[in-house]
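Let me begin by presenting the structure, written as structure tokens, before commenting on it.
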Amino acid sequence: MDEPDFYIECQPLDHSVPCIGFRFVEKDKRKMDLERVKKLGIPTGPLLGELQAGKTITLKGKKISADDVTDIKEGKVVAFVEDTALNSNCVKLAKDADILVCEATYADELEEKAAAYKHLTAKQAAMIANEANAKKLILTHFSSRYKDVDQIKEDATGLFNNTLCAFDFMKASL
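Numbering (this note's numbering), first residue to last: 32 to 205.
In structure tokens:
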């Protein structure tokens, strides 16, 4: 899906039933530097729109490129990796994500069970975040066997420090 301000990518995951992971990518935007615009004497109107669109304009015989008066604001990325065994698509989805929301169904001590049921451990989720160069990891999809998620968080933060465990109605900032 490709929209004016964002696009969505997906990759198949490895679970006992077909599952797909998602990556929501906000497109980069040009941000006008009004101080530079004023200094160059560019009037408000269509010329600013051209610059905002990344085009070069001519004003009083002088060429002004979009780079002269705009800065690129990099878009944010949020990735979701759920219901899967460890596979290369997990890292593709999480690549350079600002937030990676990833399952951690089991603590590391149950790695064999995770493999048998095609789920991830907290350590595997942290490995994905590290390899993908994610900025923040939010763990979710915990097995109901856990009364609290302290062990899961501890397993993950051993490899990836910026880790949180999701909870009902949680809000995360980009």
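From the three backbone atoms N, C-alpha and C, an ideal C-beta is built for every residue, glycine too.
Since the model is a prediction, treat every value here as computed from it, not as a measurement.
Check	Outcome
Keeping to the same chain, check which residues put their C-beta closer than 8 Å to that of His28; ignore five residues upstream and five downstream.	This structure gives no information on residue 28, because the portion of the chain shown stretches from 32 to 205.
Given 7 Å as the limit, tell me if Leu65 has its C-beta closer than that to any heavy atom belonging to the ligand SAM.	No copy of the ligand SAM occurs in the structure displayed, which carries no ligand at all.
Based on Cα-Cα distance, which residue from Arg176, Gly52 and Tyr38 lies nearest to Leu44?	Gly52
Going along the chain, which residues of its own chain have a beta-carbon closer than 7 Å to the beta-carbon of Leu117, five neighbours each way excluded?	Leu151 and Gln155
Sort Glu143, Ala160 and Leu168 by Cα distance to Leu205 and report the nearest one.	Leu168
Thinking Leu71 and Val100 are a contact (beta carbons under 8 Å), I'd like their distance in whole angstroms, please.	7 Å
Could you tell me which uninterrupted beta strand (DSSP E) segments, each at least 3 residues in length, are contained entirely in the segment 77-131, listed from first to last along the chain?	88-90, 93-95, 101-104 and 108-112
For Leu65, which option in Phe198, Glu57 and Gly80 has the closest C-alpha, if you only look at C-alpha atoms?	Gly80
By the three-class DSSP mapping on this structure, what secondary structure does Glu34 have?	coil
Can you give me the C-alpha to C-alpha distance between Phe111 and Asp33, rounded to a whole angstrom?	18 Å
What is the DSSP secondary structure of Ile73, reduced to helix, strand or coil?	coil
In whole angstroms, what separates the C-alpha of Asp186 from that of Asp102?	40 Å
If you follow the alpha helix (DSSP H) that Glu185 is in, where does it begin and where does it stop?	Asp181 to Thr188
Can you give me the start and stop residues for the beta strand (DSSP E) that Glu57 sits inside?	Ile51 to Glu57
From Ile73 to Gly85, what distance separates their C-alpha atoms?	15 Å
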